[in-house]
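K.L.:
My numbering numbers the first residue of the sequence shown as 10 and each following residue consecutively.
Okay, handing you the structure first.
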Amino acid sequence: MSTSEPTTAHDHTPAQARVSVWATAQTAPAAQRGTRYHRDSSAHPAKMLPHIAAAAITRYSKPGDLVMDPMCGIGTTLIEALHLDRQAVGVEYEPRWADIARTNLKIALEHGINTEANVYTGDARKLATCLPAALRGTVDLLITSPPYGDSTHGHVRVRAGEGVHKTNNRYGNTLDRGNLANLGVPRLLTGFTRILTAAADYLKPGAHVIITARPWRQHAELIDLPSLLTECAQTAGLVPIDRAAALLGRLTNGSIVAHSSFFQRDFVLKNRDAGLPLALIAHEDVLVFRKPRTCRRQVKTGSGTNFVTRPTGLFTRSTGFACGAGRFSRGRTSVA
Numbered sequence: 010m011s012t013s014e015p016t017t018a019h020d021h022t023p024a025q026a027r028v029s030v031w032a033t034a035q036t037a038p039a040a041q042r043g044t045r046y047h048r049d050s051s052a053h054p055a056k057m058l059p060h061i062a063a064a065a066i067t068r069y070s071k072p073g074d075l076v077m078d079p080m081c082g083i084g085t086t087l088i089e090a091l092h093l094d095r096q097a098v099g100v101e102y103e104p105r106w107a108d109i110a111r112t113n114l115k116i117a118l119e120h121g122i123n124t125e126a127n128v129y130t131g132d133a134r135k136l137a138t139c140l141p142a143a144l145r146g147t148v149d150l151l152i153t154s155p156p157y158g159d160s161t162h163g164h165v166r167v168r169a170g171e172g173v174h175k176t177n178n179r180y181g182n183t184l185d186r187g188n189l190a191n192l193g194v195p196r197l198l199t200g201f202t203r204i205l206t207a208a209a210d211y212l213k214p215g216a217h218v219i220i221t222a223r224p225w226r227q228h229a230e231l232i233d234l235p236s237l238l239t240e241c242a243q244t245a246g247l248v249p250i251d252r253a254a255a256l257l258g259r260l261t262n263g264s265i266v267a268h269s270s271f272f273q274r275d276f277v278l279k280n281r282d283a284g285l286p287l288a289l290i291a292h293e294d295v296l297v298f299r300k301p302r303t304c305r306r307q308v309k310t311g312s313g314t315n316f317v318t319r320p321t322g323l324f325t326r327s328t329g330f331a332c333g334a335g336r337f338s339r340g341r342t343s344v345a
């Protein structure tokens, strides 16, 4: 692997796909968020690093493009898009995080950002019930990250005589099966595939889709989430074109200094004591896909599933595929 300079949004084709390393943690996460994010944003258990979102947006879109995150959490992707002169739209299932994302949009407005942005509350597996129909076929770039194992989540509080307390380690109500974070791996993958399939209606032909994830362990078993998510994306009809490693630690004198949490270190040390040679995870996998410029509709036959290719610009309610380009008007940042 080697580090690479930012490239334009139109450089990436399957023939030109390349691997790179992004130095996205040269400053600590809190410093990256700075004054762009409300202090309540820190409570989210699995926030994307702003510099990861910014690097992806810079490489795979251009000013004026529309960036979407169907699982936007506190709105990191949206905020970084706005500060890079892109429009943004997000969907978040948990009302708590959606409200914080809207607060962060208000802060962007206070910082002088005058670009279109919206956060909608709803289930991303059913995007048609969350987003305006006018957004179909208008998104240039989708960036998202699904929930993953809880061994790295949460904040620690230590008080004399009280021991160690873990807080903010859940996405929401653990009994709510509508939240993908509360599902086992097979159902999580099924749900994520549904999200990507639904999102395809809102992407322009040729639009990029970027998924960030990392492997994790469940009961000492390694879950190769990046590879599983690649299968989800391909099932949804997306074409893999690139892959990168976004560093979670600072590069210093040829070494990586990890920005690890108490629980990340605790998890690794306990497993090492148990005989498992674990190490701190020092990067996020960045998986890059593209929506084909022609739509592929799944057709089940007796011999399996075939794909029927149709020209762009066609849409039928029966298939649920939209390939036509559209427009998304610029305007003031909205928090409705």
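Ideal placement from N, C-alpha and C gives every residue a C-beta, glycine not left out.
With burial defined as no fewer than 16 other Cβ atoms inside 10 Å of the residue's Cβ, what is the status of Q35: buried or exposed?
P.N.:
Translated into the one-based positions of the sequence shown, residue 35 becomes position 26. Exposed.
K.L.:
So is V266 buried or exposed if we call it buried at 16+ other beta carbons inside 10 Å?
P.N.:
If you number the sequence shown from 1, residue 266 lands on position 257. Classification for V266: exposed.
K.L.:
Could you pull the DSSP bridge partners for N113 from this structure?
P.N.:
For this step, residue 113 is matched to residue 104 along the sequence shown. Answer is none; N113 lacks a bridge partner.
K.L.:
Does the contact criterion of 3 or more C-beta pairs under 8 angstroms hold for the region 38 to 53 versus the region 70 to 77?
P.N.:
Contact between the region 38 to 53 and the region 70 to 77 is absent, because fewer than three Cβ pairs lie under 8 angstroms.
K.L.:
Any idea if Q96 is buried or exposed, counting beta-carbon neighbours within 10 angstroms, 16 or more meaning buried?
P.N.:
The residue you call residue 96 lines up with position 87 of the sequence shown. The residue is buried, with at least 16 neighbouring Cβ atoms inside 10 Å.
K.L.:
Out of N262, I219, S269 and R259, which one is the CA nearest neighbour of A62?
P.N.:
Walking along the sequence shown from the start, residue 62 turns up at place 53. The shortest Cα separation from A62 among N262, I219, S269 and R259 belongs to I219.
K.L.:
Between the Cα of R134 and the Cα atoms of L205, E240 and H53, which residue gives the shortest distance?
P.N.:
Stepping through the sequence shown from its first residue, residue 134 is reached at position 125. Among L205, E240 and H53, the Cα nearest to that of R134 belongs to L205.
K.L.:
Can you tell which of T112, F271, D78 and R203 has its C-alpha closest to the C-alpha of L150?
P.N.:
Looking up residue 150 in the sequence shown gives position 141. Comparing Cα positions, the closest option is D78.
K.L.:
Starting from Q41, trace the alpha helix (DSSP H) in both directions and tell me its first and last residue.
P.N.:
Translated into the one-based positions of the sequence shown, residue 41 becomes position 32. Residues P38 to R42.
K.L.:
Can you say whether A137 is buried or exposed, counting buried as having 16 or more other CB atoms within 10 angstroms of its CB?
P.N.:
Here the question's residue 137 lines up with position 128 in the sequence shown. The residue is exposed, with fewer than 16 neighbouring Cβ atoms inside 10 Å.
K.L.:
Buried or exposed, going by whether 16 or more other CB atoms sit within 10 Å of the CB of H120?
P.N.:
Taking the sequence shown and counting its residues from 1, one reaches residue 120 at position 111. Exposed, since its Cβ has fewer than 16 Cβ neighbours within 10 Å.
K.L.:
To test your reading of the DSSP string, which unbroken beta strand (DSSP E) runs of 3 or more residues are found completely within the region 259 to 308?
P.N.:
Fully enclosed beta strand (DSSP E) runs of 3 or longer: 264 to 267 and 292 to 299.
K.L.:
DSSP three-state label for G200, please.
P.N.:
Within the sequence shown, the letter at position 191 stands for residue 200. Note: G200 maps to helix in three-state DSSP.
K.L.:
Quick one: grab the DSSP three-state call for Q35.
P.N.:
As a first step, residue 35 is located in the sequence shown; it is residue number 26 there, counting from the start. Q35 falls in the coil class under three-state DSSP.
K.L.:
Using only alpha-carbon positions, find the residue among P156, L114 and A52 that is nearest to R45.
P.N.:
Translated into positions along the sequence shown, residue 45 becomes position 36. Considering only alpha carbons, the answer is L114.
K.L.:
With DSSP as the reference, label S29 as helix, strand or coil.
P.N.:
Position 20 of the sequence shown, counted from the first residue, corresponds to residue 29. DSSP places S29 in strand when its eight states are reduced to three.
K.L.:
Go ahead and label S352 buried or exposed: buried means 16 or more other beta carbons lie within 10 angstroms of its beta carbon, across all protein chains shown.
P.N.:
Residue 352 is absent from the structure shown; the chain starts at 10 and stops at 345.
K.L.:
Taking Cβ to Cβ, would you say V128 is nearer than 8 angstroms to E101?
P.N.:
Counting from one through the sequence shown, the residue named residue 128 turns up at place 119. Counting from one through the sequence shown, the residue named residue 101 turns up at place 92. Taking 8 angstroms as the Cβ cut-off, V128 and E101 qualify as a contacting pair.
K.L.:
So R226 and D294 are in contact, right, with Cβ under 8 angstroms, and what is the actual spacing, rounded?
P.N.:
Position 217 of the sequence shown holds residue 226. Position 285 of the sequence shown holds residue 294. 15 angstroms between Cβ atoms; not a contact.
K.L.:
What does R226 pair with, by DSSP beta-bridge criteria?
P.N.:
Locating residue 226 in the sequence shown gives position 217, where the first residue counts as 1. R226 is bridged to L231.
K.L.:
Restricting to Cα atoms, I'd like to know which of L237, P141 and F271 is closest to Y211.
P.N.:
Locating residue 211 in the sequence shown gives position 202, where the first residue counts as 1. Checking every option, the nearest Cα to that of Y211 belongs to P141.
K.L.:
Taking all protein chains shown into account, do 16 or more other C-beta atoms lie within 10 angstroms of the C-beta of A126, making it buried, or fewer, making it exposed?
P.N.:
Against the sequence shown, residue 126 aligns to sequence position 117. The residue in question, A126, is buried, as its Cβ has 16 or more Cβ neighbours within 10 Å.
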